[in-house]
Amino acid sequence: MTLPSQDMKLEQAITTRILLKERMTLSGMSFKENPSIAVGLLFIVLGLAALSEALGWRENFLYSTYVPLWIVGVGGIICLSGGLWLTVHGIRDRRRIWNMKHGKQQLSRTPWLWDYPWEARGATDSCLKSALRSLMGLLLFSVVASPFNWMAFFWEGRSFFLQGTVGLLDLVIIMSIGGRFLTKLRQYVTFGNSRLDFHDFPYFLGNPMSLTLKNVPSNISTLHLTLRCIEEATPCEETKDEISSGIACYQVYNDTQILKRERVQPGDNLDLYWMLPEDETLSSTPSERPATYWELEVTAAGHHLNYQSRFLLPIYAQLSS
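In structure tokens:
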């Protein structure tokens, strides 16, 4: 379905550099590969030591009469899980660097073949996977918080201040993560997974880009289609709002289309079109750290549930022959 032009409002492209707060980065944590592996192995050793003590496999050095062994075991699980995660992160980062090095040597003119696991036919935003990740986060928080809850509510030296602090923290995190889980699950049940089809692969800066959004959600009042280029960076300067550390996301290009319709029939497809800018510095480099990449964000205000999806786009600079 190609929507009538009178229903579409085009906003002027914005090239101002804007900090995007509370955004997950493609680069992940700023910990590099070798330090990540080293710290991960250290946490694995500490975790195994605590677990072996909790299970009675070695003499109790960490146990005290004030702390039950199950708390020592939970601490061991936390250290072991964190260590495994850091180690896997470091190994994956080493693999990324290896792929990038050999890709630049052998396929320097076709980076989209090695710098990201693109699907040439399109992209899928899975609400179900997002919901499951939130559920895993909620379970992980339950494990991490269990020793603190024991100290707050069952320890002999507990206090009302400690109970109030831990209880409030539990409530805030459960409402935050649990709310995201319920929202994503409800969006999956209502709309299903979102799908965007590519008409070409890849897309080149300075050329037109056409896409098809599959199964446009029904009963929407406004549909916002935002094409943006995101540049990740490590902030070094103090801003008016905060002093940031780690990797942050900055929007360096933005082009929004706004569709207003009383109703879109369920199952319809929406054909989209953009003319990409010619600036070659906006070329995607998803394997670099920090990364630069393009995304299409689709949001819709519904009568009962808002719709939101994000899709990464393979947009590159076209190399001269």
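Residues 23 to 343, numbered by our numbering, are exactly what the sequence shown covers, in order. Glycine residues also receive a C-beta, built at the ideal position from the N, C-alpha and C atoms. Computed from a predicted model, the values in this text were never measured in an experiment.
Margin query: Judging by CA-CA distance, which residue of Asp277, Thr278, Ile252 and Gln279 is the nearest neighbour of Cys271?
Written below: Closest by alpha carbon: Ile252.
Item checked: Residue-level contact to chain B via CB, Asp137, 8 Å cutoff -> Within the model displayed, chain B is absent; a lone protein chain is all it includes.
Item checked: Three-state class that DSSP yields for Gly18 in the structure shown -> In this structure the chain extends from 23 to 343, so residue 18 is not present and cannot be described.
Notebook entry, point to check: Would Met231 be called buried (16 or more neighbouring beta carbons within 10 Å of its own) or exposed?
Noted result: Buried.
Check: On the premise that Tyr225 lies in contact with Pro336, defined as a C-beta separation below 8 Å, what is that separation, rounded to the nearest angstrom?
Finding: The beta-carbon separation of Pro336 and Tyr225, rounded to 6 Å, stays under the 8 Å limit for a contact.
Next item on the list: Quickly, what does DSSP pair Lys282 with across the bridge? List them, please.
Entry: Per DSSP, Thr244.
Checklist line | Inter-residue CB distance, Trp296 and Leu249 (contact presumed, cutoff 8 Å) | finding: Confirmed, about 6 Å.
Next item on the list: Output the distance between the C-alpha atoms of Glu259 and Asn291, rounded to the nearest integer angstrom.
Entry: Because the pLDDT of Glu259 is 47, which lies under 50, any placement of that residue in the model is unreliable, and the number read from its coordinates should be weighed accordingly. If you take the alpha carbons of Glu259 and Asn291, they lie about 45 Å apart.
Margin query: Please return the same chain residues whose Cβ sits closer than 6 Å to the Cβ of His246, not counting the five positions on each side in sequence.
Written below: Within the same chain, His246 has close Cβ partners Ile280 and Thr321.
Check: Are Val165 and Val96 closer than 8 Å when you measure CB to CB?
Finding: One thing to note: Val165 has its Cβ within 8 Å of the Cβ of Val96.
Note to self: Please classify Thr261 as buried or exposed, where buried requires at least 16 neighbouring CB atoms within 10 angstroms.
What the structure shows: Note that Thr261 has pLDDT 49, beneath the 50 cutoff, so the model's placement of it is unreliable and no number is given.
Next item on the list: Tell me whether Ser156 is buried or exposed, calling it buried when 16 or more other Cβ atoms sit within 10 Å of its Cβ.
Entry: Buried, because 16 or more other Cβ atoms sit within 10 Å of the Cβ of Ser156.
Check: beta strand (DSSP E) containing Ile119: first to last residue?
Finding: Careful: Ile119 lies outside any beta strand (DSSP E), inside the alpha helix (DSSP H) at Leu91 to Gln128.
Note to self: Output needed for Pro312: all residues of its chain with C-beta closer than 7 Å, excluding positions within five of it in sequence on either side, in chain order.
What the structure shows: Within the same chain, Pro312 has close Cβ partners Ser49, Glu254, Ala255, Thr256 and Ile269.
Next item on the list: Can you say whether Gly201 is buried or exposed, counting buried as having 16 or more other CB atoms within 10 angstroms of its CB?
Entry: Counting Cβ neighbours within 10 Å, Gly201 comes out exposed, since fewer than 16 surround it.
Notebook entry, point to check: Thinking C-alpha only, which one of Phe65, Tyr315, Ile113 and Ser181 is nearest Cys101?
Noted result: Checked all of Phe65, Tyr315, Ile113 and Ser181; the closest Cα to Cys101 is Phe65.
Next item on the list: Starting from Pro230, follow its DSSP beta bridges and name the residues at the other end.
Entry: In the DSSP assignment, the residues bridged to Pro230 are Met297.
Check: Under a three-way DSSP split, which group does Glu317 fall into?
Finding: Strand.
Next item on the list: State the start and end residues of the unbroken beta strand (DSSP E) segment that holds Asp192.
Entry: In the DSSP assignment, Asp192 falls outside any beta strand (DSSP E) and within the unbroken alpha helix (DSSP H) covering Phe182 to Phe213.
Notebook entry, point to check: Do the CB positions of Gly159 and Gly105 come within less than 8 Å of each other?
Noted result: Against a cut-off of 8 Å, the Cβ pair of Gly105 and Gly159 comes out as no contact.
Check: Taking the alpha carbon of Ala167 as the point to measure from, which residue in Val194, Asp147, Phe182 and Lys151 has its own alpha carbon closest?
Finding: When only C-alpha atoms are compared, the closest one is Val194.
Margin query: Less than 6 Å between C-beta atoms, sequence neighbours within five positions excluded: which residues of the same chain meet that for Phe220?
Written below: Excluding positions up to five away in sequence, the list reads Gly144.
Check: For Pro169, which residues from the same chain have a beta carbon less than 7 Å from its beta carbon, with the 5 sequence-adjacent residues on both sides left out?
Finding: Closer than 7 Å at the Cβ level, and outside the excluded window around Pro169, lie Ile93, Val96 and Gly97.
Check: Which residues in the same chain as Ile119 place their Cβ atom closer than 8 Å to its Cβ, once the five residues preceding and following it in sequence are excluded?
Finding: Excluding positions up to five away in sequence, the list reads Glu55.
Note to self: Under 7 Å: does the beta carbon of Leu48 sit that close to some heavy atom of the ligand ATP?
What the structure shows: Among the ligands in the structure shown, none appear at all, so the ligand ATP cannot be discussed.
Check: Quick one: what does DSSP say Thr132 is sitting in, helix, strand or coil?
Finding: When DSSP states are grouped into helix, strand and coil, Thr132 belongs to the coil group.
Check: Would you report the Cα separation of Leu294 and Ala71, rounded to the nearest angstrom?
Finding: Spanning the two alpha carbons is a distance of roughly 57 Å.
Note to self: With DSSP as the reference, identify every bridge partner of Lys236, one or two as the case may be.
What the structure shows: Lys236 pairs with Arg217.
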